[in-house]
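Numbering (full-length UniProt numbering), first residue to last: 1 to 238.
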Amino acid sequence: MSLRLRRGSTHAIVGESGSGKTTTIRDIVGLARPTSGRIRIAGIELTGLRGEALRQLRRRVQLVYQNPFSSLDPRQRVFDIIEEPLLNFDPLPADERRRRVHDMLERVGLPAGVLQRRPHALSGGQRQRVALARALVLQPQVLVLDEAVSALDVTVQAQILALLAQLQQDLGLSYLFISHDLAVVRQIADTVSVLRAGKVVDAGSVEDVFLHPTSDYTRELMDAIPGKRSIDFVPHPA
1 MSLRLRRGST HAIVGESGSG KTTTIRDIVG LARPTSGRIR IAGIELTGLR GEALRQLRRR
61 VQLVYQNPFS SLDPRQRVFD IIEEPLLNFD PLPADERRRR VHDMLERVGL PAGVLQRRPH
121 ALSGGQRQRV ALARALVLQP QVLVLDEAVS ALDVTVQAQI LALLAQLQQD LGLSYLFISH
181 DLAVVRQIAD TVSVLRAGKV VDAGSVEDVF LHPTSDYTRE LMDAIPGKRS IDFVPHPA
């Protein structure tokens with residue numbers, strides 16, 4: 001398997017359950033070690049990192065999970081959830097931590113009034129915005145988005161995708177976007193890799209892969225999209 005994520009761009013990884021998506025992202029974020037090969041971010045070889053160096057990698061590469069309700073501590077207030085990475089990584093004064101938390105909350109479009117609430121008091125879309133704020137508060141270079149909108153209804157999904165696009169533009173983020181929904185991939189990604197049984201069977205720009213798939217498997221994925229919504233498309237905007 002080989003993939004490249006350009007700075008400030010979005011690369012999607014798609015495939016059925018068991019295709020290797022989860023293993024790939026666990027390797028990239030440092031939760032597992034690949035048995036062979038190399039992973040580099042900004043020229044830094046990640047596979048041999050240990051201790052503090054690995055800890056700093058996790059600061060630069062943050063993971064946003066599929067289900068924010070299960071990934072957010074139900075006992076914590078929103079303020080504590082967003083602040084926690086700063087306590088773990090940055091020995092900042094309390095005033096600076098508070099400023100960063102408020103800044104991130106504003107960036108993800110949530111009012112300050114939610115800071116004293118707990119996750120159960122928030123909607124699904126609000127919880128995912130909190131999860132994004134928690135990931136962004138460390139000012140990472142890369143966000144790994146693991147099915148990050150699949151648990152949301154279509155309207156909220158569109159709002160989160162628009163927010164992701166705005167955050168990428170404002171902060172220069174790179175996204176690795178894991179999804180089974182090719183219509184969503186078409187909307188957000190610049191490039192895509194299609195996985196099957198741990199191997200890349202199609203890769204390239206979204207337009208090339210979707211309009212001219214080279215594998216039967218990719219064609220099957222395309223044919224399985226209900227109504228092929230957003231797949232018979234005009235060219236993806238630059």
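We put the beta carbon where it would ideally sit given N, CA and C, even for glycine.
Proximity of residue i and residue j at Cβ, strictly below 8 angstroms
| i | j | result |
| --- | --- | --- |
| I178 | K21 | yes |
| V144 | I160 | no |
| R33 | T47 | yes |
| L211 | L182 | no |
| V130 | V14 | no |
| R99 | L86 | no |
| D202 | S215 | yes |
| S19 | R196 | yes |
| L152 | G113 | no |
| V184 | V206 | no |
Rounded C-alpha distance that separates residue i from residue j
| i | j | result |
| --- | --- | --- |
| V200 | T218 | 10 angstroms |
| E52 | I28 | 17 angstroms |
| A121 | Q76 | 12 angstroms |
| Q66 | V209 | 25 angstroms |
| D80 | T155 | 28 angstroms |
| E147 | R127 | 14 angstroms |
| S123 | D90 | 30 angstroms |
| M104 | Q169 | 15 angstroms |
| I82 | L167 | 17 angstroms |
| G8 | R117 | 33 angstroms |
| H11 | I39 | 15 angstroms |
| L6 | A165 | Per the sequence presented here, residue 6 reads as Arg, with Leu not at that position. So the alpha carbons of these two residues sit roughly 15 angstroms apart. |
| L54 | E45 | 11 angstroms |
| G204 | I225 | 20 angstroms |
| L115 | P213 | 46 angstroms |
| D95 | S2 | 43 angstroms |
| P93 | R58 | 22 angstroms |
| L163 | V78 | 19 angstroms |
Reduced DSSP secondary structure (H/G/I, E/B, other) of residue i
| i | result |
| --- | --- |
| L211 | helix |
| D181 | coil |
| S230 | Any reading at S230 must be qualified, since the residue scores a pLDDT of 47, below 50, and its modelled position is unreliable; the value itself is stated next. Three-state DSSP puts S230 in coil, outside helix and strand. |
| Q62 | strand |
| E16 | coil |
| D223 | helix |
| G204 | strand |
| A238 | Residue placement at A238 cannot be trusted, given a pLDDT of 43 that sits under 50; the coordinates are not used to answer. |
| T71 | Here residue 71 turns out to be Ser, not Thr, going by the sequence shown. Three-state DSSP puts S71 in a helix. |
| V194 | strand |
| E52 | helix |
| R97 | helix |
| R77 | coil |
| P85 | helix |
| R4 | coil |
| P91 | coil |
Interface flag, residue i vs chain C, CB-CB below 8 angstroms
| i | result |
| --- | --- |
| S150 | Here there is only one protein chain, and chain C is not present. |
Beta-bridge pairing of residue i - partner residues as DSSP gives them
| i | result |
| --- | --- |
| L105 | L105 pairs with nothing; no bridge assigned. |
| Y175 | T10, L143 |
| K199 | R196 |
Any non-hydrogen atom of the ligand HEM closer than 7 angstroms to residue i Cβ
| i | result |
| --- | --- |
| T47 | By its list of ligands, the structure shown contains no ligand whatsoever, and the ligand HEM lies outside what it can speak to. |
task: Check whether the segment 134-147 touches the segment 163-173, taking contact to mean three or more Cβ pairs, one atom from each stretch, closer than 8 angstroms.
output: yes
- Three or more C-beta pairs below 8 angstroms linking the segment 103-110 and the segment 56-75: no
Q: Spell out a yes or no on whether the segment 129-136 and the segment 52-65 are touching, meaning 3 or more CB-CB pairs, one atom from each, closer than 8 angstroms.
A: yes
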